[in-house]
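Participant:
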Amino acid sequence: MNPRVTIIIPFYNCRFVALAIQSALRQTYSNVEIIVIDDGSTKYARLINPFRHRIHYLGKANGGTATALNHGIHYASGDYIAWLSSDDLFYRNKILHQVGFMIEREAPISYTNFNYINSSGAITSRGVCGATRSPRQLYESFLTGNPVNGCTVMIRKDVFQHIGGFDESLPYTHDYDFWMRAALSGLYFPYLEKNLTAYRWHPGMGSVRHSAVITQEIEQVRSKYAGAMQQLVSITPG
């Protein structure tokens, strides 16, 4: 089996975007489609020009990451969807290892371990996600925070038809909301304990610049699903 994987790269005024695209183009898995969604950028779009003949480049008015992802998903031809932030990197075997894992487990969604890198690309921490969680442990962890890094995830495209896309009213926690909706719809997502993504910490990242708003939004999402998630934990074997 050689299913197609669409890598969606949302882009908004990010100086690291060329590195992200290069990491997608260098995948050892051959059947890959790359869609870069320019979410109304006013700078750094020129960095994409050298790659335009090898990617699909779609522009749209600025609306946030959730809108960019949903736009990319709409146009994706892949059987599976992978999301790569424009300041992060995929390691060369990311798609190869994860699509094989998805097929082996017959998984609708999966996520992996990852490393932290700095502005220069140097690894500052390895295996940040930690050890494998059981289904119950995963669901319990959603009650206190978001244990799943969005750029480590691979999702079968038909999942979006089943539970809908990312919530565009949530600028920063659309992923947290999506994981809980997926869990509550009965979709368990297994964990591949390989460091396949590099998550870049830098002063310009949204997680740093908008930390206060993100904290409020996390609480909003957690409160919305807390009761249902607690019920799911209670009926899931340990």
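Numbering of the sequence shown is given in our numbering, commencing with residue 16 and proceeding in unit increments. From the three backbone atoms N, C-alpha and C, an ideal C-beta is built for every residue, glycine too.
#1: At 4 residues or longer, what runs of the alpha helix (DSSP H) sit wholly inside the region 142-221?
#2: Work out the CA separation of Q246 and N130 for me, nearest whole Å.
#3: Just verifying my parser: in three-state terms, what is the DSSP assignment at S269?
#4: Measuring alpha carbon to alpha carbon, tell me which residue in T159, Q152 and I22 is nearest Q241.
#5: Are there 16 or more other CB atoms within 10 angstroms of the CB of S92, so buried, or fewer, so exposed?
#6: Apart from the five residues just before and just after P18, which ones in its own chain have a Cβ nearer than 8 Å to its Cβ?
#7: At what residue ranges does the region 71-115 contain a whole run of the alpha helix (DSSP H), taking only runs of 4 or more?
#8: Could you tell me which residues DSSP puts in a beta bridge with S140?
#9: State yes or no: is the C-beta of D103 within less than 8 Å of the C-beta of R215?
#10: Could you check if G55 belongs to the surroundings of the ligand GDP, using beta carbon to heavy atom distance under 7 Å?
#11: Counting only the same chain and skipping the five closest in sequence on each side, list residues whose C-beta sits under 7 Å from that of D192.
#12: Just mark T188 as buried or exposed, buried being the case when its beta carbon has 16 or more other beta carbons within 10 Å.
Facilitator: The short version:
#1: 150-157, 173-178 and 189-199
#2: 33 Å
#3: Since the first residue of the chain shown is 16 and the last is 253, residue 269 is not available in this structure.
#4: Position check: residue 241 holds Ala in this sequence, whereas Gln was assumed. Nearest option by C-alpha distance: T159.
#5: exposed
#6: Sequence-distant Cβ neighbours of P18 in its own chain, meaning closer than 8 Å and more than five residues away, are N46, G93, D94, Y95, V114 and I118.
#7: 80-90
#8: Y131
#9: yes
#10: Judged by which ligands are present, the structure shown has none, so any question about the ligand GDP falls away.
#11: D182, L185 and V236
#12: buried
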